[in-house]
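**Q** Residue numbers (mature numbering (1 follows the signal peptide of the UniProt record, and there is no 0)): -29 to -1, 1 to 167.
(1) Taking 8 Å as the cut-off, does the region 17 to 33 touch the region 153 to 165 (at least 3 CB pairs, one atom from each stretch)?
(2) Determine the closest residue to residue 72 out of 87, 92 and 51, with distance taken between C-alpha atoms.
(3) Assign residue 92 to buried or exposed, taking buried as 16 or more other Cβ atoms, counted over all protein chains shown, within 10 Å of its Cβ.
(4) Spatial neighbours of residue 1 within its chain, please: CB distance less than 6 Å, with the 5 preceding and 5 following residues excluded, ordered by chain position.
(5) Taking all protein chains shown into account, do 16 or more other C-beta atoms lie within 10 angstroms of the C-beta of residue 132, making it buried, or fewer, making it exposed?
(6) Let me know the secondary structure DSSP gives residue 62 once reduced to three states.
(7) What do you reckon, are the CB atoms on residue 66 and residue 49 nearer than 7 Å?
(8) Beta-carbon within less than 7 Å of residue 101's beta-carbon, same chain only, minus the 5 sequence neighbours each way: which residues are those?
(9) Let me make sure I understand the geometry here. Which of 155, 157, 134 and 80 has the alpha-carbon closest to that of residue 147?
(10) Please classify residue 15 as buried or exposed, where buried requires at least 16 neighbouring CB atoms within 10 angstroms.
Rendered as C-alpha cells:
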C-alpha cells in the first residue's frame, strides 16, 4: 500500500487548524467540549472518505489525548509511546530529541504523534520517523490506516478496533473491542457536548 500524498493546498490548510486544535477552550467549557471538529480533521476525513470527522477526532483523542491546564482534552501532537509507556512533550523540538534518543538506543516499538503511528509497523511508509511528528503528515497517515481498515472490514466500528489491534487472535480481537468501545465513548461524549 502506498502513502496517498497530502495535497499541497490541504497541507497548507492543515497547519493552522492543527495548531488551533491544541488551544484550550474557555475555562467554563466541559472537558470534551468541541463546538466544531477542527478543520484539519474535517478535511482529512473528507480526503480519505471517512464519513464522520468526529470519528477521526475521537481516534486521535484515544491515541494521544492530553489534559490541558484548564481541563480541556485535546489530541497532542508531541506524544510518543515507547514500549507501552506514554511521553508528552511541550514542544516539537523536545519530542524530536526524545525520538532521536529512543531510535539511537535501538528502540523500534514507538508510537508517534497525534494518531500514534507505530514506527516498527509503518517504517516502510514513513520517509523517516521524524515525518510522523509532523501533525499534518501524522493525521494523514492515521486517516489512511483507518480508511484501509474500513476497506478490509466494510464496517467503521470494526475499522476503529483494527486501527489499534488488527490481528485475528482472540487476545487481539478483545483488545480491538475494548479500543472500539473506548473510541465510541469519546465520540458520544464529544457529540453530546456539541448537540444543541
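Just so it is clear, CB atoms sit at the ideal spot from N, CA and C, and this is done for glycine as well.
**A** Reading from the atomic positions:
(1) yes
(2) 51
(3) exposed
(4) Low local confidence applies: a pLDDT of 35 at residue 1 is under 50, so the model's placement there is unreliable, with the coordinate-based value given in what follows. Closer than 6 Å at Cβ, skipping near neighbours: 164.
(5) buried
(6) coil
(7) yes
(8) 67 and 70
(9) 134
(10) buried
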